[in-house]
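Taking it in order: structure first as structure tokens, then the write-up.
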Amino acid sequence: MAAALAMTGAQTWITVAAVAVAAYSAVAHSGNRVPAVASLLLAAVLAGAASQGITPSLPSALGPYVVLVSAGALAGFIRFWRHSRRRIAEMRRAQEEAMREAVQAERSRIAGELHDVVTHNVSVMVIQAGAARKVMDAHPEQSREALVAIEASGRAAMAELRNVMGLLAGPDSAAAAGADDGLEPQPGLDRLDGLVERVRAAGMPVDFTLCLPEGPLPAGVELAAYRVVQEALTNTMKHAAGAAAAVTLGHRGDRLEIEVTDTGGTPGAQSRTGNGRGLIGLRERVALYGGTLEAAPVPGGGFRLRAEIPWRAT
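Here the sequence shown is numbered in UniProt numbering, starting from 1 and rising by one per residue.
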């Protein structure tokens, strides 16, 4: 506008149109929006003063002012529209990223559950099948007992697998399946006796001591404690064949204490298939409730796994 005022000769609508394009561009694209709007208002006043008489339908000083202010308003609207689109796109990307993270976390959780279920029960079944094969001819009764134990372990594995798979199916599929869908609650401390009996049936002596605090425990804490004992006994069967185990589960204050030790033995046929995922998953599971887990060899032979889990909020 300053350049237009410096020109000689009468002002025309071409000058006003050029200033309108400049005003629109400044308001729509400038990073300094407030100074751009302020300069637009100043330019409108100057254009009205310098371009009198070029518009017959409006007062002489009002025409350029209306044009420039309209251009600024249109630019402001388009700028707001673009900003809203960017915000919507950013929110959509953030939502998709959060969804991907949630899916990944759920996959990791389900993978951990599958590892706990399959590793323990399959390990027990393999050991029992091997024992049945060795005594099949000489002691058929013992072979029959081992087969019954294999069947019990298989049924327990299928029940837990149906439970985990039910999480993937979702509530709609569970409702469609009806009441007799085979789903069961996640295992808790009330099922530790059955776990220990299955391990004993596989031929490993287990000394089991249980002393729980009064009142119900949170379901998540019970599941974590169950998985700690399950993983420890599974590792003993896999990596210390011929060992005896001792499971102690008690409490001190507001913390649940779990300790599983074994006397040491020879590595089993499945020991080379371990990859450490079980202990890593256990640490993450226990840490979720503010607990700790330690696993280390015992001086003189054997292995000890110890966990502490807060069982009530402080």
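Heads up, the beta-carbon is just placed ideally off N, CA and C, and yes, glycines get one too.
Nearest-angstrom Cβ-Cβ length linking residue i and residue j, presumed shorter than 8 Å
i, j, result
"ARG79", "VAL27", "7 Å"
"VAL221", "TRP81", "That belief does not hold up - the Cβ atoms of VAL221 and TRP81 are roughly 52 Å apart, past 8 Å."
"ALA202", "VAL124", "5 Å"
"GLY291", "ILE309", "4 Å"
"GLY72", "ALA23", "5 Å"
"GLN128", "ALA156", "Incorrect: roughly 13 Å between the Cβ atoms, too far for contact."
"ASN235", "GLY194", "Their Cβ separation, rounded to whole angstroms, is 19 Å, which puts ASN235 and GLY194 out of contact at 8 Å."
"MET204", "ALA232", "Their Cβ separation, rounded to whole angstroms, is 12 Å, which puts MET204 and ALA232 out of contact at 8 Å."
"GLN230", "HIS120", "5 Å"
"GLU259", "ARG306", "5 Å"
Residue i - DSSP class collapsed to helix/strand/coil
i, result
"GLY278", "helix"
"THR236", "helix"
"VAL298", "coil"
"ASP137", "coil"
"LEU217", "coil"
"LEU42", "helix"
"ALA61", "Bear in mind that the predicted position of ALA61 carries a pLDDT of just 49, short of 50, making it unreliable; the figure below should be weighed with that in mind. DSSP places ALA61 in coil when its eight states are reduced to three."
"LEU74", "helix"
"LEU288", "helix"
"LEU212", "coil"
"PRO267", "coil"
"GLY31", "coil"
"ALA2", "helix"
heavy atom of the ligand SAH below 7 Å from residue i C-beta
i, result
"PRO216", "This structure lacks the ligand SAH, and indeed carries no ligand of any kind."
One or two residues paired with residue i in a DSSP bridge
i, result
"GLU257", "GLY250 and GLU308"
"ASP262", "ALA245 and PHE303"
"LEU189", "Note: LEU189 sits in no beta bridge, so no partner."
"VAL118", "VAL118 pairs with nothing; no bridge assigned."
"residue 368", "Here the chain covers residues 1 to 314 and nothing more, so residue 368 does not appear."
"ARG293", "The question names Arg, but residue 293 in the sequence shown is Leu. For LEU293, which the question treats as bridged, DSSP gives the partners ALA307."
8 Å CB neighbourhood of residue i in its chain, flanking five on each side removed
i, result
"GLU284", "GLY112"
"SER25", "ALA75"
Sequence-distant residues of the same chain with beta carbon closer than 6 Å to residue i, five excluded per side
i, result
"PRO56", "Because PRO56 sits at a pLDDT of 44, beneath the cut-off of 50, its placement in the model cannot be relied upon, and the following sentence gives the value as read from the coordinates. Here the set comprises nothing."
"ARG198", "VAL124 and SER153"
"HIS29", "none"
"ASP262", "THR236, ALA240, ALA243, ALA245, GLY302 and PHE303"
"ARG86", "none"
"VAL196", "VAL206 and PHE208"
"GLY265", "ALA240, ALA241, GLY242 and ALA243"
"LEU293", "LEU282, ARG283, VAL286 and ALA307"
"VAL103", "none"
Cβ shell of residue i (< 7 Å), same chain only, five flanking positions each side left out
i, result
"ASP254", "PRO310, TRP311, ARG312 and THR314"
"ALA200", "Correcting the residue identity first, residue 200 is Arg in this sequence and not Ala. So the list reads VAL206, once near-sequence residues are dropped."
"HIS139", "none"
"ALA213", "It is Pro, not Ala, that sits at residue 213 in the sequence shown. Answer for PRO213: HIS251 and TRP311, listed in chain order."
"TYR289", "GLY220, VAL221, ALA224, ILE309 and PRO310"
"SER143", "ALA132, VAL135 and MET136"
At least 3 beta-carbon pairs within less than 8 Å: the stretch 207-223 vs the stretch 125-144: no
When the Cβ atoms of the stretch 184-199 are set against those of the stretch 222-236, are three or more pairs found closer than 8 Å? yes
Should the stretch 237-251 be regarded as contacting the stretch 280-299, the criterion being three or more beta carbon pairs within less than 8 Å? no
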